[in-house]
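Number of protein chains: 2
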Amino acid sequence: MNSTNFNLEKSIQILERTPAVLKALFYNLGEDWITVNEGPQTWSAYDILGHLIHGENTDWIPRAKIILGDGADKTFEPFDRFAQKELSKGKSMEQLLDEFAQLRESSVQILKSWSLSQEDLAKKGNHPELGAVTLGQLLATWTIHDLAHLNQVSRVMVKHYADSVGLWRQYISLLK
Amino acid sequence: MNSTNFNLEKSIQILERTPAVLKALFYNLGEDWITVNEGPQTWSAYDILGHLIHGENTDWIPRAKIILGDGADKTFEPFDRFAQKELSKGKSMEQLLDEFAQLRESSVQILKSWSLSQEDLAKKGNHPELGAVTLGQLLATWTIHDLAHLNQVSRVMVKHYADSVGLWRQYISLLK
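Chains as they are written, first to last, in this note's numbering: chain A, 1 to 176; chain B, 1 to 176.
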């Protein structure tokens with residue numbers, strides 16, 4: 001992994017901050033900002049929180065356990081990108097933020113408890129669509145998955161005011 | 001302003017949260033994440049914080065004061081998008097985060113103290129490049145300016161791991 005920018009400590013720094021970042025932005029924020037999306041089949045902040053929760057439960061640590069475990073079959077379960085539609089039903093944004101924070105804290109504790117070596121990070125699993133991937137790549141993807149959804153939700157929120165900024169629109173690259 | 005999504009209370013909600021969002025992400029974060037950019041002449045998180053500070057000092061509230069004030073000339077001072085290079089010199093990221101938080105708190109206090117009416121929000125100023133703009137448009141732009149820079153910095157950080165995620169790269173739209 002030395003030829004990339006990946007570093008376990010750097011990744012943990014981001015992974016353990018994300019719940020606080022999302023709480024700082026979304027806890028008790030007005031309904032418009034929570035529910036706005038980019039049109040049919042696109043995601044709001046509320047949808048993204050449900051997706052992040054489902055990832056903690058079924059994606060990142062479970063897949064790392066498959067890679068590090070004794071099983072002969074290292075194939076991951078497929079991840080359901082739309083599970084949150086059912087799983088978030090009836091929950092407030094604040095409940096989702098709290099639930100995500102608890103799950104992530106537990107995930108990071110597990111990750112730290114493994115004290116992963118460079119050898120561990122090079123161990124492989126079998127992604128159902130992509131094929132062979134390493135634990136290091138899984139952890140790097142987990143890290144920027146948080147940041148990519150922060151990128152997505154900030155874009156959605158910028159667009160919510162597209163018609164409100166008048167002539168300034170031409171200075172905001174997301175609105176061009 | 002009723003034909004747009006702009007609403008003063010909604011804007012204040014974002015404006016007063018941004019310092020905490022940035023602190024949650026960047027306070028005591030590793031140097032790599034703070035200084036990474038997208039190449040020459042592009043901005044890192046550190047650069048963006050300096051830019052936000054300069055905006056508090058010279059852009060948003062000062063321009064609102066010109067619009068609301070008694071002066072006959074409603075032309076804004078041009079904003080220097082590169083002033084942070086000099087102004088941030090020698091300061092740590094944590095110093096910039098604290099400075100921005102203090103300035104923003106003061107800005108929001110001033111904004112709230114004005115108890116702006118719909119009539120106030122329709123008042124106009126003269127942007128040195130764009131021409132006539134309203135106070136409502138200025139406040140909408142201020143709001144999504146925060147979010148656009150959150151979008152920018154999250155994109156920069158995702159790209160930092162572009163070579164670390166292996167085959168997952170094809171699932172991350174920012175890396176395509």
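Even glycine gets a Cβ: it sits at the ideal position worked out from N, Cα and C.
Item, Value
"N- and C-terminal bounds of the alpha helix (DSSP H) containing T134(B)", "Segment 131-134 is the beta strand (DSSP E) holding T134(B); no alpha helix (DSSP H) there."
"Beta-carbon contacts of I48(A) that lie in its chain and below 8 angstroms, excluding the five residues immediately before and after", "H149, Q152, V153"
"Exposure label - N2(B); buried when at least 16 CB within 10 Å", "Residue placement at N2(B) is flagged as unreliable, the pLDDT there being 45, under the threshold of 50; a coordinate-derived value is accordingly withheld."
"Any C-beta of chain A under 8 angstroms from that of F6(B)", "yes"
"CB contact check: N2(B) to chain A, cutoff 8 angstroms", "Because the pLDDT at N2(B) is just 45, under 50, the model does not fix this residue reliably, and the value given afterwards should be weighed accordingly. It does not; no Cβ of chain A falls within 8 angstroms."
"Partners in chain B for Y161(A), counting only beta-carbon separations shorter than 7 angstroms", "N5, F6, A140, T143, I144"
"Neighbour list for Q95(A) in chain B, Cβ cutoff strictly below 9 angstroms", "The contacting residues do not exist; Q95(A) stays about 19 angstroms from chain B at best."
"The alpha helix (DSSP H) enclosing K112(B), as first and last residue numbers", "93-113"
"Any chain B beta carbon closer than 8 angstroms to L180(A)", "Within the shown structure, residues of chain A are numbered from 1 to 176, placing residue 180(A) beyond reach of any answer."
"Closer than 8 angstroms to chain B by CB, S154(A)", "yes"
"Backbone CA spacing between D70(B) and K10(B) [nearest angstrom]", "28 angstroms"
"Exposure of F100(B), with buried meaning 16 or more beta-carbon neighbours within 10 Å", "buried"
"Inter-residue Cα distance where the pair is H54(A) and Q84(A)", "7 angstroms"
"Nearest candidate by alpha-carbon position, reference N7(B), set L116(B), M93(B), D59(B), K89(B)", "L116(B)"
"T75(A) (DSSP reduced to helix, strand or coil)", "strand"
"Test item: CB-CB of F82(B) and R63(B) under 8 angstroms", "no"
"Within-8 angstroms CB hit, Q137(B) to chain A", "yes"
"Residue-level contact to chain B via CB, K65(A), 8 angstroms cutoff", "no"
"N- and C-terminal bounds of the alpha helix (DSSP H) containing N57(B)", "45-58"
"Nearest-angstrom beta carbon gap, V158(A) and L175(A) [assumed within contact, 8 angstroms]", "7 angstroms"
"CB contact below 8 angstroms: I48(A) versus chain B", "no"
"Where K65(A) falls: helix, strand or coil (DSSP)", "helix"
"Counted within 10 angstroms of its Cβ, other Cβ atoms place Y27(A) as buried (16 or more) or exposed", "exposed"
"Cβ-based burial, I110(A) [other Cβ within 10 Å; buried from 16]", "exposed"
"Three-way DSSP call (helix, strand, coil) for G166(B) in this model", "helix"
"Buried/exposed call for S173(B), threshold 16 Cβ in 10 Å", "exposed"
"Supposed close pair E56(B), R104(B) - CB separation, criterion 8 angstroms", "6 angstroms"
"Own chain, CB closer than 6 angstroms to K23(B), minus 5 neighbours either side, in chain order", "L97"
"Close beta carbons around H160(B), own chain, < 8 angstroms, minus the five adjacent residues each side", "D32, W33, V36"
"8 angstroms Cβ cutoff, K124(B) in contact with chain A", "no"
"Under 7 angstroms from the C-beta of Q91(A): neighbouring residues of chain B", "Per the sequence shown, the amino acid found at residue 91(A) is Lys instead of Gln. Neighbours of K91(A) on chain B: none; closest Cβ ~21 angstroms, over 7 angstroms."
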